[in-house]
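Some notes on the structure that comes next.
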């Protein structure tokens, strides 16, 4: 992999919580407008600039892209985003609570008490990734992209001449990189805060030492491939804008061995053994004319079906129901909620192909044997009878949507593994729609990369 350090454009540490935001594609215009209300420093004014127009304004209106550029220039003039004087790599850590509480305390004596409960942290390196590595397939994808979404992000990058939001890569973990990151993170972070509304902790360090920077570059040169975890459209858009600039621009004078900045785009690269992939579940409006009894009988042809008897319906400390007893227990085991009851479904032997990187996926098994075969749902991208619920919302959200009458049944899936993603990307295959959900999402506004 060819990577390079860059002069990041970042908010002053006292403003980072006001500037930073969720990624542009995890919320709609109305939600972004509400989150940015009363905060002129919110990055949503740049990445969701339609919020500065009357409600209902088309986010693809040319005026909206121009507004993004004007807002970016305003942020720079106001000093809400400032450029580093030297090129750096950066370390970006994300912490998610698996149980207990997550908090940041400011007093030095509370340093050892910052984290309470079981916390999982993943450490990524913020780098400039080479356009040609994407175009030539060394940065590998596992999802299809839509041209209209690519074009939207390409217009945004072109208009601002900047990557406003990083993409999310995974690389085969290496002990030497782990050791470098561990040493860097012993120092005082530039940023350290817990962001609303998700409650994830975001911590950020600047790598200043040139020997360390050079060593990181050398180590990545030994890594044969990286994998897009999240941000397929942003990756495609950033790489293709870089390709455009390369084709249109005359050769620029640079020091030997250097390449123009536009040949690189911003990525946060995490070791593959740290990433947190959660379930991506399905809810369906009807049973395709079947009664609940007929549906369960039809399932019995391909699955071992049993009702889950919950030993208790106790509440956790925050007042929510505990659904641990009804979670899928492993690959090829599903949880079905229907008619006020939870059921366990385990795919029978011979109903899937463990030798096929696509056929072995639970999304493939459930799509073929339940959604298509029984319910007649053949196109997950377009059928209005099905919706998808990220596991971050919990199984309680599935139960709520069925109990409300909005949906007839819900299906919870065991999350895919990082190895399954790598196997599919290496084989040149594409995962079915709505397969992966990575959490936490990258926080936008911690750093920007200009293409000058």
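Numbering (this note's numbering), first residue to last: 927 to 1378. Backbone N, C-alpha and C fix where the C-beta goes; we use that ideal spot for every residue, glycine too.
Element boundaries [beta strand (DSSP E), containing residue i]
i, result
"residue 1370", "Per DSSP, residue 1370 belongs to no beta strand (DSSP E) and is neither H nor E."
"residue 934", "Segment: none, residue 934 is in no beta strand (DSSP E) and carries neither H nor E."
"residue 1094", "1093-1097"
"residue 1129", "1126-1133"
"residue 1267", "1267-1273"
"residue 1119", "1117-1121"
"residue 1232", "1229-1233"
Start-to-end residues for the alpha helix (DSSP H) that takes in residue i
i, result
"residue 970", "970-973"
"residue 1168", "1158-1174"
"residue 1080", "1073-1086"
"residue 1380", "Given that the chain is displayed from residue 927 to residue 1378, the structure contains no residue 1380 and the question cannot be resolved."
"residue 1146", "1136-1146"
"residue 979", "Per DSSP, residue 979 belongs to no alpha helix (DSSP H) and is neither H nor E."
"residue 1109", "1101-1110"
"residue 1218", "1218-1225"
DSSP three-state assignment for residue i, whether helix, strand or coil
i, result
"residue 1036", "Low confidence applies here, because residue 1036 scores a pLDDT of 43, under 50, leaving its location unreliable; read the following figure in that light. Residue state, collapsed to three classes: helix."
"residue 1279", "coil"
"residue 994", "helix"
"residue 1011", "coil"
"residue 1200", "coil"
"residue 1052", "strand"
"residue 1058", "helix"
"residue 1252", "helix"
"residue 1309", "coil"
"residue 1021", "strand"
"residue 1340", "coil"
"residue 1302", "coil"
"residue 1046", "strand"
"residue 1065", "strand"
"residue 985", "coil"
"residue 1347", "helix"
"residue 955", "helix"
"residue 961", "helix"
"residue 1149", "coil"
"residue 1296", "helix"
"residue 1154", "strand"
"residue 1358", "coil"
"residue 1240", "A caution first: residue 1240 carries a pLDDT of 47, below 50, which makes its placement in the model too unreliable to give a value."
Neighbourhood of residue i by C-beta, 7 Å cutoff - its chain only, sequence neighbours within 5 removed
i, result
"residue 1267", "1233"
"residue 1146", "927, 929"
"residue 1257", "1288, 1340"
"residue 1079", "1159, 1160, 1163"
"residue 1115", "1129, 1130, 1131"
"residue 1084", "1167"
Own chain partners of residue i with C-beta closer than 6 Å, once the 5 adjacent residues on each side are dropped
i, result
"residue 1066", "1151, 1153, 1351"
"residue 942", "1117"
"residue 1213", "1221, 1334"
"residue 1196", "1048, 1050, 1096"
Exposure label - residue i; buried when at least 16 CB within 10 Å
i, result
"residue 1335", "buried"
"residue 1228", "buried"
"residue 948", "buried"
"residue 1369", "buried"
"residue 1225", "buried"
"residue 992", "exposed"
"residue 974", "buried"
"residue 1282", "exposed"
"residue 1157", "buried"
"residue 1051", "buried"
"residue 1003", "exposed"
"residue 1123", "exposed"
"residue 1235", "exposed"
"residue 1317", "buried"
"residue 1207", "buried"
"residue 997", "buried"
"residue 982", "exposed"
Per DSSP, cross-strand counterpart(s) of residue i
i, result
"residue 1325", "Paired residue(s): none; residue 1325 is not in a bridge."
"residue 945", "Answer by DSSP bridge pairing: none, since residue 945 is not bridged."
"residue 1262", "1269, 1337"
"residue 1209", "1313, 1336"
"residue 1375", "1089"
"residue 929", "1055"
"residue 1006", "Paired residues: none, contrary to the question."
"residue 1188", "None, per the DSSP bridge assignment."
"residue 1016", "1052, 1132"
Neighbourhood of residue i by C-beta distance below 8 Å, restricted to the same chain and skipping five residues each side
i, result
"residue 1175", "1186, 1188"
"residue 1278", "1258, 1285, 1286, 1290, 1291"
"residue 1143", "929, 930, 931"
"residue 1113", "1131"
The ligand NAP heavy atom lying under 7 Å from the CB of residue i
i, result
"residue 1337", "Looking at this structure, you won't find the ligand NAP or any other ligand, since it has none at all."
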